[in-house]
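Colleague: One structure, as structure tokens, below. Some questions next.
There are 2 protein chains.
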Amino acid sequence: MSANLRDVAKKAGVSVGTVSNVLNRPDVVSPKTLERVQKTIEELGFVPNGFARQLRSGYSRTIGLVVTDVANPFFTEVARGVEDAASKRDYAVFLCNSDESLEKENKYLSVLIQQQVRGVLITPADSKSHQYEVLRERGISVALLDTETKNSSQCSVSVDDVRGGEIAVEHLSLLGHKDIAWVSGPETIPQIADRTAGVMKAAKIANVSVTTIRATLMNSAQGEVAAKKILELKKMPSAIFCANDLLAFGVMRGLLDAGVKIPEQVSLLGYDDIAFGNSAAVPLSSISQPAYQLGVTAAELLISECEDNEDHAHQQIKFQPQLVMRASTATKK
Amino acid sequence: MSANLRDVAKKAGVSVGTVSNVLNRPDVVSPKTLERVQKTIEELGFVPNGFARQLRSGYSRTIGLVVTDVANPFFTEVARGVEDAASKRDYAVFLCNSDESLEKENKYLSVLIQQQVRGVLITPADSKSHQYEVLRERGISVALLDTETKNSSQCSVSVDDVRGGEIAVEHLSLLGHKDIAWVSGPETIPQIADRTAGVMKAAKIANVSVTTIRATLMNSAQGEVAAKKILELKKMPSAIFCANDLLAFGVMRGLLDAGVKIPEQVSLLGYDDIAFGNSAAVPLSSISQPAYQLGVTAAELLISECEDNEDHAHQQIKFQPQLVMRASTATKK
DNA sequence: CTAAATTATTGAACCGTGTCAATTATTTTC
DNA sequence: GAAAATAATTGACACGGTTCAATAATTTAG
Chain A
41 MSANLRDVAK
51 KAGVSVGTVS
61 NVLNRPDVVS
71 PKTLERVQKT
81 IEELGFVPNG
91 FARQLRSGYS
101 RTIGLVVTDV
111 ANPFFTEVAR
121 GVEDAASKRD
131 YAVFLCNSDE
141 SLEKENKYLS
151 VLIQQQVRGV
161 LITPADSKSH
171 QYEVLRERGI
181 SVALLDTETK
191 NSSQCSVSVD
201 DVRGGEIAVE
211 HLSLLGHKDI
221 AWVSGPETIP
231 QIADRTAGVM
241 KAAKIANVSV
251 TTIRATLMNS
261 AQGEVAAKKI
271 LELKKMPSAI
281 FCANDLLAFG
291 VMRGLLDAGV
301 KIPEQVSLLG
311 YDDIAFGNSA
321 AVPLSSISQP
331 AYQLGVTAAE
341 LLISECEDNE
351 DHAHQQIKFQ
361 PQLVMRASTA
371 TKK
Chain B
41 MSANLRDVAK
51 KAGVSVGTVS
61 NVLNRPDVVS
71 PKTLERVQKT
81 IEELGFVPNG
91 FARQLRSGYS
101 RTIGLVVTDV
111 ANPFFTEVAR
121 GVEDAASKRD
131 YAVFLCNSDE
141 SLEKENKYLS
151 VLIQQQVRGV
161 LITPADSKSH
171 QYEVLRERGI
181 SVALLDTETK
191 NSSQCSVSVD
201 DVRGGEIAVE
211 HLSLLGHKDI
221 AWVSGPETIP
231 QIADRTAGVM
241 KAAKIANVSV
251 TTIRATLMNS
261 AQGEVAAKKI
271 LELKKMPSAI
281 FCANDLLAFG
291 VMRGLLDAGV
301 KIPEQVSLLG
311 YDDIAFGNSA
321 AVPLSSISQP
331 AYQLGVTAAE
341 LLISECEDNE
351 DHAHQQIKFQ
361 PQLVMRASTA
371 TKK
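Chain order of the listed sequences is A and B. Each residue of the first sequence is one higher than the one before, counting from 41 in our numbering. Each residue of the second sequence is one higher than the one before, counting from 41 in our numbering.
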């Protein structure tokens, strides 16, 4: 087996404390002892055991990233941002997918505790879940990702989803649409609830009527289901706003298959502005979020909190969404 | 601070050994003791400290996943598979993006060594790099992901890329195309080299002429660059085969913008069959790979190698690609 | 009902490092 | 050159689990 600190101490004729000092506080060791010990370390090919080190110090250089689904291109971008920023600070990232399930989320949090992560970046599966207080109690920093917190004792990096909902409706209203379908997702997801709030607020002001279609999951298969529901409505809306681009892709497919022309008959607007929007059957107009930047900022904030410990001022950073107009939205005929 | 094993033992009125047994060998503990201890664990919110555990056992329950780019939907799917399979076995996954750079890859391998991972799943950035031998020497299992190894002392899970290239050309040839453009990527990537080999082999047999366009990166921006190059060719090919779907999306956009009709004037075939292929401007025909399955299989194989230690038979598993025909390929007029 | 076999539980030793009060060696001061 | 100040070194203990030989409790056999 490979040499340990005691072996080095014995061979160099010093105590274990001195060897430990050579590794961690070389300045307190006399030059000639230092040299002798370092030579012995070299000879024995000694590499300190990370487990023992971390067990003693209590800290690791890892963070956990819990998102609802990395397969969603928005989160993929966020994840890249997190990973790049963490890597720059020499932190490794544990990737966890909660699949919007509270049970899975809790299971992963427990795994992350076991792994003794220094901090956790989390997009809560559910607005009610305050399970992450448990992490705090264990000295693990927590920052909310893509979710705002009213609680100022916590960092969060989010995008203004209320504003995003407003921008969407304002855009459609400006194009002359007065009857909009809002393809929403589970209202337990904070982002969705906020976008809905924005939609309703702007709709009231602009005097636009909104029909809500609720999707159970935010993927393109559920988008196709939503498309069917829209086609069955008594009165076809002239514009559709989807809670994310994946849903919008599904709706687009459903409508095109049914012979509905986009944007001639119906305008379609997505959310997230994922890279493929541009390559869609009808290039998709969307509400853009700075996903990569979100990840970078969140990771930097979290690591700063982990390391600055006491004198860290919690911040709630909020980015602004932006309209990206492509071919899928047009003025009402 | 949070509860440890001794606290649980005291509160439940048993010894530390028994609590440890409850965690690791529940079958040797009597049912009523088991229940009592589990209840106490629950009450105290006890989560075992991974470091301490690993220090004694010498092994961690983490693996590293090194891919060239998670933002590529193919790898995103693979990553999901890896994560789901690892999670089932109670392993946590470190995510690393090498961006096809050997330097970054080596940096990450070093980080993974520091983190004392039990095994590494890697898609080598470069066919030459045998840096992962260093890991082996440290007792870290390594399995190749999406790459075949000739070396039978190593596990690998791959897709038959040579066959993939063949299938593509056979398909296009069957549709009557005799003049094909092959939008390739860096030939240092083994997958690309294999696909090229398959293309050339099938082209020779089917008597098809191939013009190779080399993309520097496998993304859609480079696809647009490739489209420009194709438009500048003296003789326009009647079909284009791209090394992945992202490139194909770029090519599609480039051609459509130039007024070229797909598939009427040019057939376009991608590789990977990513989810968005179906939502593309022209639904994209593609060569499908079982990405999720690839990830699951690789993770299971790696963990089995980690745990079975001695009596583990190295396996080289190879999946077969499949043609998925959509609207972007058609018989030559 | 006792002896033997089986099952359950115990707790001290150990994994490999970091820490720090105590000890020893060296240098400075007058 | 002795006392005081400073620098260097020591080693037991802590971290929080796992392991395993020893012991205790229970079941089975005769």
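Beta carbons are placed, not taken as given, at the ideal position from N, Cα and C, and that holds for glycine.
1. Alpha carbons only, please: which of B:177, B:153, B:213 and B:229 is nearest the one belonging to residue 164 of chain B?
2. When the Cα of residue 155 of chain B is compared with those of B:110, B:200, B:191 and B:95, which residue comes out closest?
3. Please report the distance separating the alpha-carbon of residue 110 of chain A from that of residue 204 of chain B.
4. How about residue 149 of chain A: is its C-beta nearer than 7 Å to some C-beta of chain B?
5. Let me know the alpha helix (DSSP H) ranges lying completely inside the segment 97 to 167 of chain B, each 4 residues or longer, listed in chain order.
6. Residues of chain B with a CB under 7 Å from the CB of residue 327 of chain A: which are they?
7. Taking the alpha helix (DSSP H) that residue 289 of chain B falls in, what are its first and last residues?
8. Pick from A:151, A:103 and A:108: whose alpha carbon is nearest that of residue 130 of chain A?
9. Considering only the alpha carbon of each residue, which of A:75, A:188 and A:53 lies closest to residue 62 of chain A?
10. What are the boundary residues of the beta strand (DSSP E) that includes residue 56 of chain B?
11. Strictly under 7 Å for the Cβ-Cβ distance: is residue 120 of chain B near chain A by that measure?
12. Any beta-carbon of chain A closer than 7 Å to the one on residue 321 of chain B?
13. Within 10 angstroms of the Cβ of residue 116 of chain A, are there 16 or more other Cβ atoms? Answer buried if so, exposed if not.
14. Does the beta carbon of residue 153 of chain A sit closer than 7 Å to a beta carbon anywhere in chain B?
15. Here's the rule: buried if 16 or more other CB atoms are within 10 angstroms of the residue's CB, otherwise exposed. What is residue 243 of chain A?
16. Is it buried or exposed for residue 145 of chain B, if we count other Cβ within 10 angstroms and need 16 for buried?
17. Under 7 Å Cβ to Cβ from residue 124 of chain A, same chain only, skipping five residues before and after it: list those, please.
18. Specify, as a first and last residue, the run of the alpha helix (DSSP H) that residue 335 of chain A falls within.
19. Closer than 7 Å, CB to CB, is residue 107 of chain B near chain A or not?
20. Classify residue 301 of chain B as helix, strand or coil using the three-state DSSP reduction.
21. Do you know offhand how far residue 277 of chain A's Cα is from residue 219 of chain A's?
22. Go through the segment 160 to 247 of chain B residue by residue and report every complete run of the beta strand (DSSP E) that reaches 3 residues or more, in order.
23. Give the DSSP bridge partners of residue 72 of chain A, in chain order.
24. Where residue 65 of chain A and residue 49 of chain A are concerned, what is the direct C-alpha to C-alpha distance, given to the nearest angstrom?
25. What does residue 279 of chain B pair with, by DSSP beta-bridge criteria?
26. Within the continuous beta strand (DSSP E) that includes residue 254 of chain A, where are the two ends?
27. Across the segment 345 to 364 of chain B and the segment 204 to 217 of chain B, are there enough close Cβ pairs to call them in contact, namely three or more that are closer than 8 Å?
28. Nearest to residue 133 of chain B by CA position, among B:270, B:321, B:343 and B:86, is which residue?
29. Given that a residue counts as buried once 16 or more other Cβ atoms are within 10 Å of its Cβ, and exposed if not, what is residue 338 of chain B?
30. What does residue 117 of chain A touch in chain B if you count any residue whose Cβ is under 8 Å from its own?
31. Please classify residue 52 of chain A: does DSSP put it in a helix, a strand, or coil?
32. Please state if the CB of residue 87 of chain B and the CB of residue 162 of chain A are separated by a distance shorter than 7 Å.
33. Expressed to the nearest angstrom, what Euclidean distance is found between the alpha-carbon atoms of residue 91 of chain B and residue 57 of chain B?
34. Since residue 325 of chain B sits in a beta bridge, which residues does DSSP pair it with?
35. For the candidate residues A:297, A:250 and A:245, whose alpha-carbon lies nearest to that of residue 265 of chain A?
36. Between the segment 135 to 149 of chain A and chain B, which residues of the former have CB atoms less than 7 Å from a CB of the latter, in chain order?
Modeller: Put simply:
1. Along the second sequence, read from residue 1 onward, the residue named residue 164 of chain B stands at position 124. Considering only alpha carbons, the answer is B:229.
2. Here residue 155 of chain B is taken as the residue at index 115 of the second sequence, counted from 1. Closest by alpha carbon: B:95.
3. One-based indexing of the first sequence puts residue 110 of chain A at position 70. One-based indexing of the second sequence puts residue 204 of chain B at position 164. Whole-angstrom Cα-Cα distance: 27 Å.
4. Counting from one through the first sequence, the residue named residue 149 of chain A turns up at place 109. So, not an interface residue.
5. As far as the segment 97 to 167 of chain B is concerned, its whole alpha helix (DSSP H) runs of at least 4 residues are 113 to 128 and 142 to 154.
6. Counting from one through the first sequence, the residue named residue 327 of chain A turns up at place 287. Within chain B, no residue comes near residue 327 of chain A; the closest Cβ sits about 18 Å away, beyond 7 Å.
7. Working through the second sequence from its first residue, we reach residue 289 of chain B at position 249. Note, residue 289 of chain B: alpha helix (DSSP H), 285 to 297.
8. To locate residue 130 of chain A, count along the first sequence from 1; it is residue 90. Residue 130 of chain A has its Cα closest to that of A:103, out of A:151, A:103 and A:108.
9. The residue labelled residue 62 of chain A in the question sits at position 22 within the first sequence. Nearest C-alpha to residue 62 of chain A: A:75.
10. The residue labelled residue 56 of chain B in the question sits at position 16 within the second sequence. First-last for residue 56 of chain B: 56 to 64, but that is the alpha helix (DSSP H), not the beta strand (DSSP E).
11. Within the second sequence, the letter at position 80 stands for residue 120 of chain B. Answer yes: the Cβ-Cβ gap between residue 120 of chain B and chain A drops below 7 Å somewhere.
12. The residue given as residue 321 of chain B occupies position 281 in the second sequence. When Cβ-Cβ separations below 7 Å define contact, residue 321 of chain B makes contact with chain A.
13. The sequence position of residue 116 of chain A within the first sequence is 76, counting from 1. Buried: at least 16 other Cβ atoms inside 10 Å.
14. Counting from one through the first sequence, the residue named residue 153 of chain A turns up at place 113. Cβ-Cβ to chain B under 7 Å: yes for residue 153 of chain A.
15. In the first sequence, counting from the first residue as 1, residue 243 of chain A sits at position 203. Buried is the call here.
16. As a working mapping, residue 145 of chain B is identified with position 105 in the second sequence. Residue 145 of chain B comes out buried.
17. If you number the first sequence from 1, residue 124 of chain A lands on position 84. If we look at residue 124 of chain A and ignore the five residues flanking it on each side, its Cβ neighbours are 336.
18. Against the first sequence, residue 335 of chain A aligns to sequence position 295. First-last of the alpha helix (DSSP H) with residue 335 of chain A: 331 to 348.
19. Sequence index remark: in the second sequence, residue 107 of chain B carries index 67 (1-based). Judged by the 7 Å Cβ criterion, residue 107 of chain B is not in contact with chain A.
20. Position 261 of the second sequence, counting from 1, holds the residue named residue 301 of chain B. Residue state, collapsed to three classes: coil.
21. Mapped onto the first sequence, residue 277 of chain A falls at position 237. Mapped onto the first sequence, residue 219 of chain A falls at position 179. Cα-Cα distance, rounded: 5 Å.
22. Entirely contained in the segment 160 to 247 of chain B, the beta strand (DSSP E) runs reaching 3 residues are, in chain order, 181 to 185, 195 to 199 and 219 to 224.
23. Walking along the first sequence from the start, residue 72 of chain A turns up at place 32. Residue 72 of chain A is not bridged by DSSP to any residue.
24. Position 25 of the first sequence, counted from the first residue, corresponds to residue 65 of chain A. Position 9 of the first sequence, counted from the first residue, corresponds to residue 49 of chain A. Cα to Cα, the separation comes out at about 16 Å.
25. Indexing the second sequence from 1 puts residue 279 of chain B at position 239. Per DSSP, B:220 and B:307.
26. Numbered from 1 along the first sequence, position 214 holds the residue referred to as residue 254 of chain A. Residue 254 of chain A -> beta strand (DSSP E) spans 249 to 254.
27. yes
28. Start at 1 with the first residue of the second sequence, and residue 133 of chain B comes out as number 93. Taking only the C-alpha atoms, the option nearest residue 133 of chain B is B:343.
29. Your numbering for residue 338 of chain B matches position 298 in the second sequence. Buried, since its Cβ has 16 or more Cβ neighbours within 10 Å.
30. As a first step, residue 117 of chain A is located in the first sequence; it is residue number 77 there, counting from the start. What residue 117 of chain A touches in chain B: 111.
31. Numbered from 1 along the first sequence, position 12 holds the residue referred to as residue 52 of chain A. Correct three-state label for residue 52 of chain A: helix.
32. Taking the first residue of the first sequence as position 1, residue 162 of chain A is located at position 122. Taking the first residue of the second sequence as position 1, residue 87 of chain B is located at position 47. It is not a contact, given that the beta carbons lie outside the stated cut-off.
33. Within the second sequence, residue 91 of chain B is the residue found at index 51, counting from 1. Within the second sequence, residue 57 of chain B is the residue found at index 17, counting from 1. Spanning the alpha carbons of residue 91 of chain B and residue 57 of chain B requires a straight line of approximately 18 Å.
34. Taking the first residue of the second sequence as position 1, residue 325 of chain B is located at position 285. Paired residue(s): B:309.
35. The residue labelled residue 265 of chain A in the question sits at position 225 within the first sequence. Looking from the CA of residue 265 of chain A, the closest CA among A:297, A:250 and A:245 belongs to A:297.
36. Correct list: 135 and 137.
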